[in-house]
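> Sharing a structure below in structure tokens format, with a few things to ask.
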Amino acid sequence: MKTKKLAGIKAIGLDVDGTLYKMPTKLSAIMGMKVIKWAAEKLGRDEDEFAQEYLERRDNYRSNTLTLNSYGLNGEEIFQKVGDEFPLDQFLGRDEKLVILINNLKRKYQLFIITNGTGRQVEKKLKVLGLNYHDFEPRIYCYDQGWIKPEPAPFLAAIEALQLRPEAMVYVGDREDVDVEGAKSVGMKAVLVGGTSRLADQSVVDIYHLRDIFLT
4 MKTKKLAGIK AIGLDVDGTL YKMPTKLSAI MGMKVIKWAA EKLGRDEDEF AQEYLERRDN
64 YRSNTLTLNS YGLNGEEIFQ KVGDEFPLDQ FLGRDEKLVI LINNLKRKYQ LFIITNGTGR
124 QVEKKLKVLG LNYHDFEPRI YCYDQGWIKP EPAPFLAAIE ALQLRPEAMV YVGDREDVDV
184 EGAKSVGMKA VLVGGTSRLA DQSVVDIYHL RDIFLT
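Numbering (my numbering), first residue to last: 4 to 219.
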């Protein structure tokens with residue numbers, strides 16, 4: 004992927020899951036099975052039968068949380084319970100390259116976080132990765148506010164908190180339909196991690212390549 008500079012940027016917003024770290028396949032599979040098991044039990048459904056139906060419905064909703072909500076369940080609550088039970092440090096660890104990147108970025112830009120998750124879970128992940136959550140302000144944890152990206156509300160909240168023009172802000176995430184669309188809907192610029200996107204202003208192979216856009 005060719006990178007280009009983004010002019011006039013004063014603040015960089017970051018997603019967490021899939022962006023600051025790539026979700027290990029084993030971790031993703033285990034958590035997915037736990038979510039389905041929990042939901043099937045709540046609904047009194049056979050787990051195997053429900054799993055197939057759930058996965059088909061998720062393809063339409065493009066979100067586990069929205070899929071769970073479509074069954075009349077509280078998707079945010081289920082993810083919080085599954086996350087709280089999970090030993091993250093068995094799958095994730097300190098990422099020295101990421102620590103260096105964030106330290107360099109914060110010298111030049113205001114950093115903020117917008118993520119679908121709760122503060123408790125997200126701050127635990129940041130700590131495991133070796134990051135200090137105080138380096139990010141504001142920290143917008145959508146589930147704590149009853150929001151779900153790509154709704155504009157969390158992005159508008161970041162604009163209000165930083166008192167910047169949206170075009171002076173860029174949001175970095177790993178999903179076009181959630182992160183890029185959400186940011187662009189309020190006038191922010193957007194960078195897609197791990198893929199290509201015509202909608203995004205820039206795409207990078209991984210989070211470390213942000214240095215090519217913002218630090219060189």
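A virtual CB, placed ideally from N, CA and C, is assigned to each residue, including glycine.
State the beta-bridge partners of residue 220 as determined by DSSP.
Absent from the model: residue 220. The displayed extent of the chain is 4 to 219, so no value can be given.
> Where does residue 153 land, buried or exposed, given buried means 16+ other C-beta within 10 angstroms?
Counting every other CB atom within 10 Å of its CB across the protein chains shown gives residue 153 a total of 16 or more, marking it as buried.
> Are the beta-carbon atoms of residue 158 and residue 15 separated by less than 8 angstroms?
no
> Could you check what DSSP says for residue 105 in three-state terms: helix, strand or coil?
helix
> Between which two residues does the beta strand (DSSP E) holding residue 115 run?
113-118
> Residue 142: which of 54, 104, 126, 106 sits nearest, CA to CA?
126
> Taking C-beta to C-beta, are residue 81 and residue 42 nearer than 8 angstroms?
yes
> Look up residue 18 in the DSSP assignment and say whether it is helix, strand or coil.
coil
> Let's test the definition: count the other Cβ atoms within 10 Å of the Cβ of residue 180 and tell me whether it reaches 16, buried, or not, exposed.
So residue 180 counts as exposed.
> Among the residues of its own chain, which have a CB less than 6 angstroms from the CB of residue 124, if the five just before and after it don't count?
Here the set comprises 86.
> Tell me which residue opens and which closes the alpha helix (DSSP H) that residue 143 is part of.
Run containing residue 143: none in the alpha helix (DSSP H); it sits in the beta strand (DSSP E), 142-144.
> So, is residue 187 buried or exposed, given that buried needs 16 or more other C-beta atoms within 10 angstroms?
Residue 187 counts as buried, since at least 16 other C-beta atoms from the protein chains shown sit within 10 angstroms of its C-beta.
> I need the DSSP call for residue 211, collapsed to helix, strand or coil.
helix
> From residue 206 to residue 18, what distance separates their C-alpha atoms?
Straight-line measurement puts the Cα of residue 18 at about 14 angstroms from the Cα of residue 206.
> To the nearest angstrom, how far is it from the Cα of residue 155 to the Cα of residue 189?
7 angstroms
> Looking only at its own chain, which residues have a Cβ that is under 8 angstroms from the Cβ of residue 64, when we skip the five neighbours before and after it?
70, 73
> So, helix, strand or coil for residue 136, using DSSP?
helix
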